[in-house]
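For reference, the structure is listed below as structure tokens.
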Amino acid sequence: MGTIYLFRKTQRSLLGKLTQEFRLVTADRRSWKILLFGAINVVCTGFLLTWCSSTNSMALTAYTYLTIFDLFSLITCLISYWVMMKKPSPTYSFGFERFEVLSVFASTVLAQLGALFILKESAERFVEQPEIHTGRLLVGTFVALCFNLFSMLSIRNKPFAYVSEAASTSWLQEHVADLSRSLCGIIPGLSSIFLPRMNPFVLIDIAGALALCITYMLIEINNYFAVDTASAIAIAVMTFGTMYPMSVYSGKVLLQTTPPHVIGQLDKLLREVSTLDGVLEVRNEHFWTLGFGTMAGSVHVRIRRDANEQMVLAHVTNRLNTLVSSLTVQIFKDEWARPVLASGAMPPNMLNIPDHHVIQMPSLKSTMDELNPMTSTPSKPSSPPPEFAFNTPGKNMNPVILSNNQTRPSGVGFNYGTTPYTTTFNHGLGVPGIGNTQGLRTGLTNVANRYGTYTPGQFTQFKQ
Amino acid sequence: MEEKYSSNVMSSGRLGPVDAPESRLTRYIVLLCFTKFLKALGIFESYDLLKVVHIVQFIFILKLGSTCFMVLFQKPFSSGKSITKRQWVSIVKHAFVSCIISLLWFFGLTLCGPLRTLLLFEHSDIVVISLLTVLFTGSGGGPSKTRGAAFFIIAVICLLLFDNDDLMAKIAEHPEGHHDSALTHFLYRAFFLLGVADHKGGVLLLVLALCFNVGFHTASRKLSLDIGGAKRLQALSHLVSVIILSPWVIILSATTESKIESWSALIMPFMTVIFSVMIMDFYVESVCSVKMEPSKCARYGSFLIFASALLLGNFWTHPITDQLRAMNKPAHQLHTEHVLSGGVVVSAIFFILSAQILASSSRKGQRGTLVGYSPEGTPLYNFMGDALHNTSPSMPRFLKDSLKQILEEYDSRQIFYFLCLNLAFTFVEIFYGVWTNSLGLLSDGFHMLFDCSALVMGLIAALMTRWKATRIFSYGYGRVEILSGFINGLFLVVIAFFVFIEAVARIYDPPDINTDMLTPVSVGGLIVNLVGICAFSHAHSHGAARGGCPSHDHGHSHHGHGHSHGHNHGHSHSDHGHNHGHTHNHGHSHGSAGVGMNANMRGVFSHVLADTLGSVGVIVSTILIRQFGWLIADPLCSLFIAVLIFGSVLPLLKDACQVILLRIPQETEKGINIALEKISNLDGLISYRDPHFWRHSASLVAGTIHVQVMSDVVEQRIIQQVTSLLKDAGVNNLTVQVEKEAYFQHMSGLSTGFQDVLIMTKQMDTIKYYKDGTYIM
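Chains as they are written, first to last, in the UniProt record's numbering: chain C, 1 to 464; chain P, 1 to 777.
Here's what the structure looks like:
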């Protein structure tokens with residue numbers, strides 16, 4: 001960890017890299033099965049596409065796209081195997097779990113785009129309905145249905161299984177659940193199959209095959225060619241309905257959002273954290289899902305000046321680690337460079353800083369550029385001796401205060417680099433350090449009290 | 001409570017029995033069954049009557065007959081309290097509206113025949129109300145109601161599209177001119193202008209009449225209470241409508257010659273119709289709705305009437321039913337008129353299903369609003385309430401607000417204007433296509449519409465990007481832009497794929513292309529897209545100008561063309577950025593290496609570019625075909641375009657993927673590595689672990705890092721130094737965790753698991769190791 005690959009460059013070609021990764025995946029026995037299915041899928045899809053053009057049927061085309069989606073899901077499965085084998089690299093420091101999510105997202109979005117394309121073509125067909133040849137229609141349907149069901153049920157597709165469980169139900173599932181609930185009232189034994197929710201892919205495969213069968217029947221009986229277009233639209237709409245919740249779920253993961261189902265739990269933990277001894281407030285909390293299931297997050301915790309940072313850090317980490325596996329906690333103190341008793345040059349505006357999002361970084365640059373502290377501070381002779389820090393206040397009050405006129409802006413400007421503050425800072429430069437210490441001490445205790453009585457309820461509305 | 005009172009809403013105001021045992025209900029159900037069958041019979045009969053009698057006369061006679069009957073039985077003048085003048089006005093209004101509705105109804109009957117009329121019009125109020133609730137409020141009470149509404153719509157669509165009634169015969173039968181009155185003539189003209197066949201016009205008319213009828217029933221409920229019972233109101237209203245209609249009928253019979261040989265032969269059929277359609281149905285319905293639940297009543301009633309309509313529709317022209325028919329037809333020459341077809345059967349099944357589902361009472365679905373109390377003291381509920389009155393009044397305001405937001409920012413404004421232009425062009429194309437009946441224009445219009453969806457997505461993304469951060473989107477919505485760019489890239493890949501497939505299919509089998517129409521359309525499309533390119537390339541330069549380097553403005557419109565091109569620019573660009581000093585983020589924003597910088601606009605731009613390429617391709621291939629007759633030019637052009645689109649979209653996809661996958665931002669990678677090296681050389685710092693840096697959105701590069709320090713170092717100073725170092729490298733949202741030995745001790749004390757302790761102690765050991773100074777990094 002932490003090794004620096006400064007000028008390392010992989011000059012291998014893209015193809016070479018791909019073959020290497022491919023070899024890595026094929027080393028696993030389980031992926032052979034997937035590859036076999038993929039090959040069959042490609043053959044199947046080829047046949048189906050030729051049948052689509054020979055029957056001129058839009059509905060069969062829409063159903064074939066489901067087969068193509070199946071191919072994508074197989075690829076996703078391969079990627080998830082690959083992800084399991086890869087270790088995090090310096091460029092992808094979080095690991096490769098996201099590839100899986102992205103692949104799920106891309107395949108569901110592609111399926112929806114295909115459905116959109118079907119809708120467009122169907123709209124054109126409503127204007128002029130061409131003749132449909134039913135010759136291969138039923139054959140194609142059954143080949144596609146059998147293959148889809150077989151591959152769906154025989155391969156354990158981890159990412160899609162997870163997404164279909166975790167995402168909200170599609171309308172198709174809801175209707176089937178509603179219907180089957182009344183059906184299970186009659187025949188209770190069926191409840192194990194239909195309730196609470198069916199696998200959406202199996203559902204859409206069966207529903208699409210049903211629509212195609214109806215199409216075939218009606219065309220055979222009465223030459224209603226428009227039925228083909230209608231069932232193509234139906235299949236496309238069902239595809240939308242099935243894929244949409246999944247793409248929303250995976251898209252939200254990709255957008256680095258907090259999953260709604262953990263918010264309650266997270267709130268509880270954060271409330272616990274904010275009631276820890278010495279913690280004043282919790283801010284800038286970012287929690288998001290890395291891949292399917294693993295959470296990552298970062299949080300800033302402001303503590304009292306006399307609190308033990310490592311202690312608080314350990315406690316906070318301990319609390320949050322149960323939920324968030326990749327956690328970073330930044331502990332910070334206001335006015336850390338001053339001893340406790342002599343402190344207090346706290347600007348009045350810091351109590352009511354309007355938005356905690358803008359506080360932290362963006363305004364840092366200007367102050368940093370002026371002062372350029374990173375070269376000066378470590379070698380500065382007047383930097384406070386380490387033992388003065390928190391438990392022994394007041395020992396070397398005077399020298400520190402005098403020296404702090406230089407270190408303070410970098411320390412505080414980093415936290416509260418807002419423009420009103422800089423004015424108070426300039427003002428503070430003119431005033432001798434000792435002169436105003438006593439008068440302002442009460443101000444600090446007020447602040448501490450205010451944050452000390454910070455109740456959990458307030459905390460939750462803090463971020464809204 | 002609601003359940004209890006729901007039974008009396010449809011009735012005249014008495015509180016009916018709530019849960020009658022089935023045995024007591026049986027006779028009512030049988031009665032209902034019989035009545036509904038009679039009603040169906042009456043409608044079939046009246047269809048035959050309407051062939052000879054003018055519609056206004058027919059309605060007049062119906063109203064007259066029922067008035068006589070009801071006035072005799074109900075005695076509206078002698079019983080009950082007296083009616084005020086205002087109430088009379090209301091009754092006149094009521095009568096007028098009821099006349100209009102029955103006109104529409106029977107006119108629909110003449111247009112689409114008795115079977116379809118029964119299917120469309122005989123829905124009870126609660127079915128229609130719950131349908132409207134589902135359609136317009138969105139929360140109709142669970143998926144079952146939605147399903148019912150969908151079935152209803154499918155049934156209507158079935159009647160409209162799949163019911164090939166004898167269309168051709170009807171169209172030939174109705175040359176303009178032989179209509180009896182101005183009213184029917186006007187309606188026929190309207191249908192002709194709408195471009196629908198008579199039969200389909202009838203379907204639409206009946207649906208409209210159904211909605212009117214339901215609204216009318218609901219509105220008249222209060223009036224019937226004021227007057228003292230629905231029956232009294234009905235009697236009075238019939239009377240008034242007879243009076244209203246009489247002048248018209250007199251004028252009609254004076255001006256037009258009658259087609260009827262003998263009125264006496266028609267007395268019997270009229271009696272049947274009056275008795276079955278008007279009187280019997282009304283009384284039985286009101287009795288049943290008192291005795292049974294209205295939902296149950298509606299379910300039985302609709303099922304029975306549809307089933308009997310289907311039966312009668314099948315057997316009406318059959319000789320068996322001849323003795324059933326009151327009026328003897330001279331011949332069966334109209335044998336094939338409005339017969340049963342597959343579409344009708346399917347739609348009847350769907351209607352029955354939807355009536356069953358929609359009429360079934362859901363616990364929460366129907367929420368009545370208290371209207372007031374009847375004279376007897378029972379509370380009255382209005383079940384229409386929410387469905388029709390407050391359907392999201394904030395909709396216009398929402399539109400206005402979002403429009404304002406769109407116009408605020410440059411990017412979204414550009415997209416919006418271009419979208420408007422594109423949509424206008426599309427609709428002109430489609431309308432012109434419909435007008436001239438040109439399929440090529442229509443399909444091109446649909447294609448444009450398809451493309452517009454990408455623009456719409458880009459617009460929404462540009463809008464969402466500016467939303468404030470929330471609890472769930474803790475970093476803000478900036479990433480939406482990148483995701484939208486990614487989806488747009490996928491969209492283009494799909495388009496390229498389809499173009500490719502089509503081109504391959506055409507190479508093997510080149511079709512004959514009619515080139516006349518193509519050129520003006522494609523030139524128009526080209527112009528529109530060129531405008532778009534101008535606008536968006538301007539948008540790019542606009543964004544770049546803020547970065548302070550105007551030199552690379554114009555070059556940017558070529559960005560989507562290919563890799564080599566963009567690369568050159570990116571190079572010169574980074575030099576430029578170097579000269580300017582620290583404008584690292586801005587400087588790189590639009591170079592080829594600018595990862596995900598406004599990926600949304602890039603996606604939209606490449607979309608427009610692809611469209612332009614398509615237009616150019618069509619024009620070029622048209623010229624080639626015209627000049628040289630090379631039919632192969634068209635698929636070759638398509639192939640070329642497909643490859644070009646695919647090639648141009650790859651960099652966009654790659655960049656967006658890298659951002660989404662949380663890669664280290666490419667353009668700041670070097671800076672971050674240098675900064676990390678500097679960090680590891682900081683005073684008092686032992687090591688660092690888990691350095692994660694990623695670009696969250698165009699303006700936000702986030703990072704987290706854990707730093708282990710000596711136990712005698714002030715943490716805040718380390719945080720400050722690390723932050724400033726990484727800040728210079730371009731990371732503007734950083735979290736630094738500073739760990740000392742004490743932290744690991746605390747952690748090992750806190751954590752109970754053996755594994756954790758093991759890891760902790762290991763890490764502690766490394767720290768000690770560093771402290772000894774024997775370890776060299």
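Each residue gets a CB set at the ideal place from its N, CA and C atoms; glycine is no exception.
DSSP places E124 of chain C in the helix class (H, G or I) of the three-state scheme. Of all alpha-carbon atoms in C:D70, C:T141 and C:L18, the one lying nearest the alpha-carbon of W51 of chain C is that of C:T141. Those residues of the segment 659-677 of chain P placed with their C-beta closer than 7 Å to a C-beta in chain C are I660, L661, L662, R663, I664, N673, L676 and E677, ordered along the chain. Inclusion of C68 of chain P and I244 of chain P in the CB contact set at 8 Å is not warranted, their separation being larger than that value.
Around I719 of chain P, the beta-carbon contacts reaching into chain C at under 7 Å are Q330 and F332. In this structure, A307 of chain P and M70 of chain P do not form a Cβ contact; the two beta carbons are roughly 29 Å apart against a cut-off of 8 Å. The DSSP-derived three-state label of L327 of chain C is strand. With the rule of 3 Cβ pairs closer than 8 Å, the segment 205-214 of chain P counts as touching the segment 124-134 of chain P. Between the segment 497-504 of chain P and the segment 653-666 of chain P there are fewer than three C-beta pairs closer than 8 Å, too few to call the two in contact. Under the criterion of beta carbons closer than 8 Å, C77 of chain C and I34 of chain C qualify as touching, at roughly 5 Å.
With contacts defined as CB atoms closer than 8 Å, I686 of chain P and Q708 of chain P qualify as a contacting pair.
Looking at the DSSP output, Q310 of chain C bridges to nothing. Looking at the DSSP output, N733 of chain P shares a beta bridge with P:A702.
Only buried fits M246 of chain C, as 16 or more other CB atoms lie within 10 angstroms of its CB. Distance from the Cα of E220 of chain C is smallest, within the candidate group C:L137, C:K17 and C:T64, for C:L137.
Within chain C, no residue has its beta carbon less than 8 Å from that of P651 of chain P; the closest one is some 13 Å off. Separation of D226 of chain P and L239 of chain P (C-alpha to C-alpha, rounded to the nearest whole angstrom) is 18 Å.
At least one beta carbon of chain C lies nearer than 8 Å to the beta carbon of Q737 of chain P.
The criterion of a C-beta distance shorter than 8 Å is not satisfied by S66 of chain P and I305 of chain P. The alpha-carbon separation between S144 of chain P and S295 of chain P amounts to approximately 15 Å. Taking F646 of chain P as the centre and dropping the five residues before and after it, the same chain places the C-beta of A496 closer than 6 Å to its C-beta, in chain order. Closer than 8 Å at the C-beta level to chain P, one finds these residues of the segment 111-124 of chain C: L113, G114, L116, F117, K120, A123 and E124.
Counting every other CB atom within 10 Å of its CB across the protein chains shown gives S302 of chain P a total of 16 or more, marking it as buried. With a threshold of 16 other beta carbon atoms within 10 Å, A610 of chain P meets it and is buried.
D690 of chain P: member of the beta strand (DSSP E) spanning L685 to S697, first to last residue.
For N600 of chain P, the CB contacts under 7 Å within the same chain, skipping 5 residues up- and downstream, are G458, A461, A462, E481, S484 and G485 in chain order. Look at A348 of chain P here: in three-state DSSP terms it is helix. When Cβ-Cβ separations below 8 Å define contact, S484 of chain P makes no contact with chain C. Secondary structure of N598 of chain P (DSSP, three-state): coil. Here K200 of chain P is buried, its C-beta having at least 16 other C-beta atoms within 10 Å. For V109 of chain C, the nearest CB of chain P lies under 8 Å from its own CB, placing it at the interface with that chain. For G297 of chain C, DSSP records a beta bridge to C:F287 and C:L327. When 9 Å is used as the limit between beta carbons, V499 of chain P is near no residue of chain C, the shortest such separation being about 11 Å.
By the beta-carbon neighbour count (other beta carbons within 10 angstroms, threshold 16), P520 of chain P is exposed. The Cβ-Cβ distance between N199 of chain C and S151 of chain C does not fall below 8 Å. Of all residues in the segment 236-264 of chain C, only G251, L254, L255, Q256, T257, T258, P260 and I263 come within less than 7 Å of chain P when Cβ atoms are compared, listed by chain position.
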